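Numbering (my numbering) for the sequence shown: 405 to 591.
Heads up, the beta-carbon is just placed ideally off N, CA and C, and yes, glycines get one too.
Keep in mind it's a predicted model, so treat the numbers as computed, not measured.
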Amino acid sequence: MKFKMINGNDIQCVVTEEEMRQYGLGINDIFSNTQKAQYFLNEILDLVEEETGYFIGDGAKTVQAVCLPGNAVALTFSDKEDVDQEFCEECGRKLEVLQFKTIAETIAFTRKLDADRYDKAMFCKERDNFYLIVDLSSSNVQEIDHFLAAAFEYAGIVEEDEWRAAYLGEHASVLIKKDAVNVLASL
């Protein structure tokens, strides 16, 4: 693994396909927020401290993953507290993809939210799973935090992934195309 300091307080780590295999992971595991992936990311944070001497903090972290040629992945770790509202507003489109086992779980989740704030949402089904795709681009930091706190409580998988959202939009059965959070919360 190669580590590099970015912007003074962010750390980037490039992980090869072979290194992921050593941890029993594939590239898809990194993007699907499994327990295995979370363990792996925590291991990397420990290695960052050992290799660089830089301690990234005990608070919440944001992790950005980018695919590189040869099935390598560049992981960028940041202290969540360092991310300010202006940055979030400038970072462009932010699509969250949430996976649920049942419609009942999805409805319970949407009822925890102020449904009117999340009007750009689609609900679909692929195989035995239901997916809620929500555009958080116009949300502020507090709204995103509230959304993610509820998402991690109800959803099996939570991922920020435009590619996955596009894939589901093309290949999954779309059940509710617009304003899905509001529609589901009203059921």
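In this chain, the alpha helix (DSSP H) harbouring F551 covers 545–558. Listed as beta-bridge partners of T506 by DSSP are no residues whatsoever. Under the 8 Å Cβ criterion, the stretch 559–566 counts as touching the stretch 497–504, having at least three qualifying pairs. If you ignore the 5 residues before and after F527, its C-beta comes within less than 6 Å of the C-beta of L536, L579, I580, A584, all in its own chain and listed in chain order. In this structure, the CA atom of S577 is about 6 Å from the CA atom of E530.
The beta carbon of C417 is closer than 6 Å to those of M405, F407, I448, L479 in its chain, skipping five residues each way along the sequence. Taking 8 Å as the cut-off, the beta carbon of V477 is found closer than this to the beta carbon of I431.
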